[in-house]
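When we follow my numbering, the leftmost residue of the sequence shown carries the number 343, and every step to the right adds one.
Here the structure is laid out as structure tokens; the discussion comes afterwards.
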Amino acid sequence: MSFLLALLGLVSLTSAASTADWKPRAVYQTMTDRFARTDNSTTSPCSTKDGLYCGGTWRGTINQLDYIEGMGFDAVMISPIIDNIKGRVSYGEAYHGYWPVNLNALNARFGTHQDLLDLSDALHARGMYLMMDTVINNMAQIIPNGTDPAKEVDYSVFDPFNNKDYFHPYCKIKDWNNFTDAQLCQTGDLNVPLPDLYTEHPDVQKLLIDWAKDAIKTYSIDGLRIDAAKHVDANFLKTFTNDIGVFSTGEVLEGAVSIISDYQAHYIGSMPNYPIYFQMLQAFTMGNTSALALEVEAMKQACTDVNALVSFSENHDKPRIGSMSNDTVTAKNVLVFTLLFDGIPMIYQGQEQHLKGADPPYDREAIWLTKYNTESELYQLIAKLNKLRKHVNALGSDYFDQPTHTVYQGASELAFSKGVEGRQVIMMLSTQGSESGAYNVALSNSYNAGTEIMEILNCEKYTPDEFGSITVAMNKGEPRVFWPVKYMEGSGLCGYEIKNVTLAQLKNGVASSASSVIASSPLTTALASLCLALTSIVMIL
Ligand SMILES: *[C@@H]1O[C@H](CO)[C@@H](O)[C@H](O)[C@H]1NC(C)=O
Ligand SMILES: *[C@@H]1O[C@H](CO)[C@@H](O)[C@H](O)[C@H]1NC(C)=O
Ligand SMILES: *[C@@H]1O[C@H](CO)[C@@H](O)[C@H](O)[C@H]1NC(C)=O
Ligand SMILES: *[C@@H]1O[C@H](CO)[C@@H](O)[C@H](O)[C@H]1NC(C)=O
Ligand SMILES: *[C@@H]1O[C@H](CO)[C@@H](O)[C@H](O)[C@H]1NC(C)=O
Ligand SMILES: *[C@@H]1O[C@H](CO)[C@@H](O)[C@H](O)[C@H]1NC(C)=O
């Protein structure tokens, strides 16, 4: 059995990763220049305001994989790898990777071909996936400020798009809500115009698809993020994602449920879940719980598969949660929601350290300055939540196909349930903040009457009454996460050892093969629960 599992594991790493392969995973998003340096420095200065290269590399990322894996992530998304503009404008350089010039060369600031191969190997050796952020909408060039991009851009320097015929004629986007305008015109400014690729043209399409296939093969890439997907011809988006044969998620930066569901039905199966993101901010930074509860239901109704979307709460384009609220408990509620809600969670580097950068470029802090603190409260919280996700997956990946539903909405609390009936995860979130005191919330419709359940963040047990209702003890705005005690074994949470267990074993209460015979005697069971209880007490202390 375990040989078979190992074999399956091997197969899934060597063949192209599908949406189903990605669903149980959790992704950590790095910006290579700002994540880790080859010299492992934790003091090298980096001014976000200046926007210059700060020295992060793929080699540096390899050196910090323990830090990422320690939070339980099993995939990493790296910023774009290809050669970018070499120069500098008043607001900085191409450290972010979104100013591409040459598809056929790597960005040498991040390392060599061998470094990138080694990063890919190092991730795969840990059973982790590699996702690559990818720009297919445009190239980039610096022109003298104030000159006319329509005349000034020198197309001959682009590789392979070395001619203006590969591009749409110059125009600046005027109406970002008009998709024709957004797709035919440019997103750049007058200093760094971003010549817009003529992605309707078969020659451009072939070059982009061939390049992507080659990069995926060369570096064994398991998935792509497609930058500015909203600005790429939608039909090409469909062709591109179908042809490259790995999971891709495309940035369609839109809050409207109808737009995202329409894209999912017709053009691309996965996108960052921006509609939920905006309402999540409403809930946790502005205290409007009804907006999020409504949006959860609306997305579920409209989308063909909410679980194929990417769940996030911070990224390199949006102000961090810490810039909107200094309260760590706000950050905690947001993280619980992000990691346990529908879809593939993607956590942006630094969220685990409660960084406070607001709009770009301030949200692109060098992570090494936090000294990769694995003791930070949010780092530890993420580790727990990823443990839970992994354990839940071990008992059945069907969990990741279940849509979340709202089970409670009060003036300041929200509770969501996700999973197969009987082994659902329920999260109770609060928007009250750490200043609030202790109070109880009655949650009817939790688990079946008499099912013992564990609140996994504090390791406290609850038992639903005869109507399946529990009284949740809230305090200081802290989130609560519930899971049946019956299925705790093997989870690595609340004193339970990490172990390979199956649903069948836990259902029958015989997880520990040989010793289970002995363990089933009432005395040893009682002793075992006493030990667990003691461990839990120690953990709380
Ligand atoms: C679980 O099983 C896998 C595959 O057989 C193995 O690699 C891993 O070490 C096991 N984990 C534990 C904690 O026993
Ligand atoms: C950086 O860390 C890696 C991995 O821990 C180590 O192998 C390497 O020698 C370190 N490099 C320097 C310059 O300290
Ligand atoms: C470009 O020139 C305009 C007009 O002279 C000025 O307002 C703007 O700040 C300049 N932008 C940069 C990035 O230098
Ligand atoms: C949308 O933009 C296109 C191209 O810029 C333009 O021709 C069209 O009139 C716009 N549509 C609307 C409804 O404004
Ligand atoms: C909360 O959000 C809902 C849904 O978007 C909206 O109708 C309502 O007006 C908002 N309430 C407040 C107090 O802003
Ligand atoms: C967080 O605290 C800092 C330092 O006291 C303050 O400057 C900042 O305005 C606060 N941010 C918010 C969102 O309250």
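All C-beta atoms in this analysis are idealised placements derived from N, C-alpha and C, irrespective of residue type, glycine included.
Pairwise C-alpha distance: residue j and residue i
i, j, result
"residue 542", "residue 452", "32 Å"
"residue 492", "residue 738", "56 Å"
"residue 663", "residue 448", "33 Å"
"residue 548", "residue 384", "43 Å"
"residue 506", "residue 546", "12 Å"
"residue 438", "residue 652", "21 Å"
"residue 390", "residue 705", "8 Å"
"residue 519", "residue 403", "37 Å"
"residue 375", "residue 415", "20 Å"
"residue 679", "residue 668", "18 Å"
"residue 786", "residue 394", "54 Å"
"residue 600", "residue 527", "23 Å"
"residue 382", "residue 474", "23 Å"
"residue 367", "residue 405", "22 Å"
Simplified DSSP assignment, three categories, for residue i
i, result
"residue 420", "strand"
"residue 949", "With the chain represented from 343 up to 883, any question about residue 949 goes unanswered, as that position is not in the structure."
"residue 542", "coil"
"residue 602", "helix"
"residue 411", "helix"
"residue 665", "helix"
"residue 814", "strand"
"residue 857", "Low confidence applies to residue 857: its pLDDT is 37, below 50, so where it sits in the model is not reliable enough to give any reading."
"residue 634", "helix"
"residue 463", "helix"
"residue 435", "coil"
"residue 708", "coil"
"residue 652", "strand"
"residue 824", "strand"
"residue 862", "Residue confidence is low: residue 862 scores 36 on pLDDT, short of 50, so the model does not pin down where it sits. No coordinate-derived value is stated."
"residue 292", "With the chain running from 343 to 883 in the structure shown, residue 292 is simply not present."
"residue 361", "helix"
"residue 808", "coil"
"residue 803", "strand"
"residue 403", "helix"
"residue 697", "coil"
"residue 681", "helix"
"residue 657", "coil"
"residue 639", "helix"
"residue 367", "coil"
"residue 381", "coil"
"residue 549", "helix"
"residue 850", "helix"
"residue 473", "strand"
Exercise for the section: Spell out a yes or no on whether the region 509–517 and the region 453–463 are touching, meaning 3 or more CB-CB pairs, one atom from each, closer than 8 Å. Expected result: no
Practice task
Please list, following the chain, all residues that have a C-beta closer than 6 Å to any non-hydrogen atom of ligand 6.
Solution key: 666, 667 and 668
Problem - For ligand 2, residues whose Cβ lies under 6 Å from any non-hydrogen atom - result: 381, 382 and 405
Problem - Contact the region 632–646 vs the region 602–609: 3+ CB pairs below 8 Å - result: yes
Problem - alpha helix (DSSP H) runs contained entirely in the region 710–786, provided each spans 4 or more residues - result: 719–736
Practice task
Name all residues in chain order for which at least one heavy atom of ligand 4 lies closer than 5 Å to the residue's CB.
Solution key: 520, 522 and 523
Exercise for the section: Report yes or no: do the region 759–776 and the region 689–701 share at least 3 C-beta pairs separated by less than 8 Å? Expected result: no
Practice task
Evaluate the contact criterion for the region 564–571 versus the region 591–605: three or more CB pairs, one atom per stretch, below 8 Å.
Solution key: yes
Practice task
Give, in chain order, every unbroken run of the alpha helix (DSSP H) that is at least 4 residues long and sits entirely within the region 479–535.
Solution key: 491–494 and 521–526
Problem - the region 744–754 / the region 706–713 touching (three or more Cβ pairs under 8 Å) - result: no
Exercise for the section: Mind the definition here: the region 496–511 touches the region 585–594 only if three or more C-beta pairs lie below 8 Å; say whether that holds. Expected result: no
Handout entry: Cβ contact check for the region 412–431 and the region 362–380: 3 or more pairs under 8 Å
Key = yes
Exercise for the section: Could I get the ranges of all uninterrupted alpha helix (DSSP H) runs contained in the region 561–618, with 4 residues as the minimum, in chain order? Expected result: 576–586 and 599–608
Practice task
Would you check if there are 3 or more beta carbon pairs closer than 8 Å linking the region 727–744 to the region 754–766?
Solution key: yes
Problem - Cβ contact check for the region 778–790 and the region 831–842: 3 or more pairs under 8 Å - result: no
Problem - Contact the region 551–566 vs the region 426–444: 3+ CB pairs below 8 Å - result: no
Problem - Three CB pairs or more closer than 8 Å across the region 813–826 and the region 785–799 - result: yes
Exercise for the section: Give a yes or no on contact between the region 530–538 and the region 480–495, applying the rule of three or more CB pairs nearer than 8 Å. Expected result: yes
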